[in-house]
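Down below is the structure, laid out as structure tokens.
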Amino acid sequence: MADVRDGLRYTRTHEWVRVEGDIAVVGVTDFAQAELGDITYLELPEPGTTVKQGDSMGVIESVKAASDIYAPVSGEVVEANKAVVDTPELVNKSPYDDAWLVKIRMSTPDELNQLMDAEEYRKYLAETAATA
Amino acid sequence: MAPKVTPLIEQHRALGARFIEFAGWLMPVQYEGIVAEHLAVRSRAGLFDLGHMGQLAVRGRDALPFLQFVTPNDVGSLKPGRAQYSMLLYPNGGVVDDIMIYLRPDREEYLVVVNAANTDKDFQWLLERRADHPEWVVEVEDISATTGMLAIQGPLAERILQRVTEGDLSTVRPFDAVQTKVAGVPALVARTGYTGEDGFELYFPIEATVRLWDRLLEIGRADGLVPVGLGARDTLRLEACLPLYGNELSPEITPLEAQLGWVVKLHKGAFIGREALERQLQEGVPRKLVGFELVERGGIPRHGYEVQLAGRRIGTVTSGTSSPSLGKAIGLALIESSAAGIGREFDVVIRGKPVRALQVKTPFYRRPRQRIGEGVGS
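Chains as they are written, first to last, in the working numbering: chain A, 1 to 132; chain B, 1001 to 1378.
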């Protein structure tokens, strides 16, 4: 079973968000990395980029497939994780810790309420698996 | 329509496989992971379920002239117990399918192994071509439903397979095929494959599939034999520059364009597609298949991506991947012949952005040759 961390917020497109003050730390979930398999390439937004909730803000590519990374909240990208761009397999090894992808200074923190909590995301994954 | 499954579907589930639908079959795309499985085949050995592949039997007095007529390679030079890579061609030189032809050791029939997606098409094609020549005494039978197929590939394949195989596998040369017993099951064991490694493909009565699979995994475990899915099968064959039908070969691509001219033997008599290929040889091929690697970061080049030179379209990527052996993004592209040449560059358009690529020598990967006295089985 895919690891789902308590205390994080989740999107239906399998990004996670950890809230640190007005900053949203964003990554992709364990489920997403396992679905993609060996990840070999990442494209992340430059710091300073303004993103809108639900917009594609980057690309994650595995041997198997390429997939968009969607902004879970609106705001300004203040940092992108260089280590993970240089070593994309970090996403497979440590999706919730070392392989955070970007930090976004939230412009509309209320958007967090539209995201799932861990319990809801677990249920969502179970439903996804049942219909797959 | 529900996809077809091979006899090993429960084995794959128990091994934790992820599945994809491929050519109408539900097949394992990976177990542990594409890269891990790929590297296992390069360094140890891997076991492949090839139950989706098609097998056709061609037999009868005129089986040889018939096969000579429908393929460009010289079937006349194929000796009993040998295999030959070949194709079925359309009159315009385009490819119906790429195939492997085995002449069984007892000379009783030719076994023609075809791509899963093309089995029905090939069978119909051969029946029609036979109907064009009612004077030929030849029978074509689709034996896919009764024929099991597995491959064991990698430097330790011989050592592992030998433990359950009657007869000495070290005397079986590349492209040899011997009739023997594996784990007590009568099998045609051929030193062929689709990975660029040493290894074997096995053909046997389909009822024995589960028994052979389980037994081989069991006796190979100590040597690091792992099950390998279609994901690594694709990265392995691409590193070795073995063509994939639907990518490097299609009804619109001739074997000459695909750099497989060696398959076309003009010293033999008439065959379907010959005139078109002769014309292309005289006039020169308009397009060429070339190998390339990306020289800047930009993602993975994939099938169908556009190839440009100074902003002008000059071709298309036929296959591409992130090479597990080389740690580079590599690919094959069909481009205008005038732009082809090792050391020359072009751009691959990835998500709308041109990414620089360098044409390189192929194959991308060649397995290390053994030194004298350092046999595979030692």
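Positions of the beta carbon are idealized from the N, C-alpha and C atoms, including for glycine.
For the stretch 1172-1237 of chain B, list the beta strand (DSSP E) runs that are entirely contained and at least 3 residues long, ordered along the chain.
-> Listed in chain order, they are 1177-1182, 1185-1190, 1199-1205 and 1225-1228.
Looking at B/L1050 and B/P1072, is the spacing between their C-beta atoms short of 7 Å?
-> The sequence position of residue 1072 of chain B within the second sequence is 72, counting from 1. The sequence position of residue 1050 of chain B within the second sequence is 50, counting from 1. Contact: no.
Indicate whether at least one CB of chain A lies closer than 7 Å to the CB of B/S1322.
-> Taking the first residue of the second sequence as 1, we reach residue 1322 of chain B at position 322. Interface criterion met: the Cβ of B/S1322 is under 7 Å from a Cβ in chain A.
CB of A/E111 to nearest heavy atom of the ligand FMN: below 6 Å?
-> Here there are no bound small molecules, and the ligand FMN is not part of this structure.
Rounded to whole angstroms, what's the CA-CA distance from B/P1003 to B/E1336? Just pull it up for me.
-> The residue labelled residue 1003 of chain B in the question sits at position 3 within the second sequence. The residue labelled residue 1336 of chain B in the question sits at position 336 within the second sequence. Their Cα atoms are separated by approximately 38 Å.
So, is the C-beta of A/V102 closer than 7 Å to a C-beta in chain B?
-> The residue given as residue 102 of chain A occupies position 102 in the first sequence. Chain B contact via Cβ: absent.
Interface residues of chain A facing B/T1235 [CB-CB closer than 7 Å] | As a first step, residue 1235 of chain B must be located in the second sequence, where it is residue number 235. Those are V63, listed as they occur along chain A.
Looking at the C-beta of A/Y70, does it have a partner C-beta in chain E at a distance below 7 Å?
-> No chain E is part of this structure, whose protein chains are labelled A and B.
Do A/Y10 and A/M116 have their C-beta atoms within less than 7 Å of each other?
-> In the first sequence, residue 10 of chain A corresponds to position 10, counting from 1. In the first sequence, residue 116 of chain A corresponds to position 116, counting from 1. Contact flag set, yes.
Nearest residue (CA-CA) to B/E1166, options B/P1174, B/V1182, B/A1157 and B/I1160 | Numbered from 1 along the second sequence, position 166 holds the residue referred to as residue 1166 of chain B. Closest option to B/E1166, Cα to Cα, is B/V1182.
My guess is that B/I1330 and B/S1323 are in contact by the Cβ rule of under 8 Å, so how many angstroms apart are they, rounded?
-> As a position in the second sequence, residue 1330 of chain B is number 330, starting the count at 1. As a position in the second sequence, residue 1323 of chain B is number 323, starting the count at 1. With a contact defined as Cβ atoms closer than 8 Å, B/I1330 and B/S1323 qualify at about 5 Å.
Beta-carbon proximity check, B/L1334 vs B/L1289, cutoff 7 Å = Locating residue 1334 of chain B in the second sequence gives position 334, counting from the first residue. Locating residue 1289 of chain B in the second sequence gives position 289, counting from the first residue. For B/L1334 and B/L1289, yes; Cβs fall inside 7 Å.
May I ask which residues mark the beginning and end of the beta strand (DSSP E) holding B/L1358?
-> The residue you call residue 1358 of chain B lines up with position 358 of the second sequence. K1353 to V1360 is the extent of the beta strand (DSSP E) around B/L1358.
Sub-7 Å separation of B/V1228 and B/E1010 beta-carbons | The residue given as residue 1228 of chain B occupies position 228 in the second sequence. The residue given as residue 1010 of chain B occupies position 10 in the second sequence. Taking 7 Å as the Cβ cut-off, B/V1228 and B/E1010 do not qualify as a contacting pair.
Assign B/A1222 to buried or exposed, taking buried as 16 or more other Cβ atoms, counted over all protein chains shown, within 10 Å of its Cβ.
-> Here residue 1222 of chain B refers to the residue found at position 222 when the second sequence is read from its first residue. Label assigned to B/A1222: exposed.
Rounded distance between the beta-carbons of B/L1244 and B/L1277, thought under 8 Å = Residue mapping note: residue 1277 of chain B aligns to position 277 of the second sequence, counting from 1. Residue mapping note: residue 1244 of chain B aligns to position 244 of the second sequence, counting from 1. Not confirmed; about 21 Å, so no contact.
Below 8 Å on the Cβ atoms is my guess for B/A1240 versus B/F1200; work out the distance and round it to an integer in Å.
-> Taking the first residue of the second sequence as position 1, residue 1240 of chain B is located at position 240. Taking the first residue of the second sequence as position 1, residue 1200 of chain B is located at position 200. With 8 Å as the limit, B/A1240 and B/F1200 do not qualify as a contact, their Cβ atoms being about 16 Å apart.
Measure the alpha-carbon distance for B/G1148 versus B/P1186 and round it to whole angstroms.
-> In the second sequence, counting from the first residue as 1, residue 1148 of chain B sits at position 148. In the second sequence, counting from the first residue as 1, residue 1186 of chain B sits at position 186. Distance between the alpha carbons of B/G1148 and B/P1186 is about 11 Å.
May I ask you to report which of helix, strand or coil DSSP gives B/D1406?
-> One cannot answer for residue 1406 of chain B here, as it falls past the ends of chain B, which runs 1001 to 1378.
B/W1125 lies in the alpha helix (DSSP H); which residues open and close that run?
-> Taking the first residue of the second sequence as position 1, residue 1125 of chain B is located at position 125. From DSSP, the alpha helix (DSSP H) with B/W1125 extends over T1119 to D1132.
Residues in the stretch 1026-1051 of chain B with C-beta within 9 Å of chain A's C-beta atoms, listed in sequence order?
-> The residues in question are V1029, Q1030, G1033, I1034, V1035, A1036 and H1038.
For B/Q1124, count neighbouring C-beta atoms within 10 Å of its own C-beta (all shown protein chains included) and say buried if the count is 16 or more, exposed if not.
-> As a working mapping, residue 1124 of chain B is identified with position 124 in the second sequence. By the 16-neighbour rule on beta-carbons within 10 angstroms, B/Q1124 is exposed.
Pick helix, strand or coil for B/F1271, following the three-state DSSP scheme.
-> Against the second sequence, residue 1271 of chain B aligns to sequence position 271. It is coil, neither helix nor strand.
For B/G1033, does the count of other Cβ atoms within 10 angstroms reach 16, so buried, or fall short, so exposed?
-> Counting from 1 along the second sequence, the entry for residue 1033 of chain B is found at position 33. Residue burial is scored here from C-beta neighbours: B/G1033 has at least 16 other C-beta atoms within 10 angstroms and is therefore classed as buried.
DSSP bridge partner residues for B/K1328 (one or two, in chain order) | On the second sequence, position 328 is the one that residue 1328 of chain B refers to. In the DSSP output, where bridge partners are listed per residue, B/K1328 has B/S1323.
Sequence-distant residues of the same chain with beta carbon closer than 8 Å to B/A1340, five excluded per side | Residue numbering aside, residue 1340 of chain B sits at position 340 when the second sequence is read from its first letter. Contacts found: K1288, V1290 and Q1359.
Examine chain B for any beta-carbon lying closer than 7 Å to the beta-carbon of A/Y41, and answer yes or no.
-> As a working mapping, residue 41 of chain A is identified with position 41 in the first sequence. So yes, A/Y41 belongs to the interface.
Roughly how many whole angstroms lie between the Cα atoms of B/E1207 and B/T1119?
-> Start at 1 with the first residue of the second sequence, and residue 1207 of chain B comes out as number 207. Start at 1 with the first residue of the second sequence, and residue 1119 of chain B comes out as number 119. Their backbone Cα atoms lie some 20 Å apart in a straight line.
Closest Cβ-Cβ distance between B/I1300 and chain A: below 7 Å?
-> As a working mapping, residue 1300 of chain B is identified with position 300 in the second sequence. True, the Cβ-Cβ gap to chain A drops below 7 Å.
Is the stretch 1129-1136 of chain B in contact with the stretch 1014-1022 of chain B, if contact means three or more CB pairs nearer than 8 Å?
-> Flag = no, the stretch 1129-1136 of chain B and the stretch 1014-1022 of chain B do not touch.
Does the count of Cβ pairs from the stretch 65-80 of chain A and the stretch 12-21 of chain A closer than 8 Å reach three?
-> The answer is yes - the stretch 12-21 of chain A touches the stretch 65-80 of chain A, with three or more Cβ pairs under 8 Å.
Work out the CA separation of B/I1272 and B/V1095 for me, nearest whole Å.
-> Position 95 of the second sequence, counted from the first residue, corresponds to residue 1095 of chain B. Position 272 of the second sequence, counted from the first residue, corresponds to residue 1272 of chain B. Here the alpha carbons of B/I1272 and B/V1095 stand approximately 11 Å from one another.
Coarse secondary structure for A/V4, derived from DSSP in three states = For the purposes of this step, residue 4 of chain A is identified with residue 4 of the first sequence, where counting begins at 1. In this structure, A/V4 counts as coil in the three-state DSSP scheme.
Does DSSP put B/E1037 in a helix, a strand or coil?
-> Here residue 1037 of chain B refers to the residue found at position 37 when the second sequence is read from its first residue. Correct three-state label for B/E1037: helix.
Which parts of the stretch 24-66 of chain A are runs of the beta strand (DSSP E), unbroken and 3 residues or longer, counting only runs that do not cross its ends?
-> Counting whole runs of 3 or more residues, the stretch 24-66 of chain A contains the beta strand (DSSP E) stretches 39-43 and 56-62.
Segment contact flag, the stretch 44-54 of chain A with the stretch 14-28 of chain A, C-beta cutoff 8 Å, min 3 pairs | Too few Cβ pairs lie closer than 8 Å, so no.
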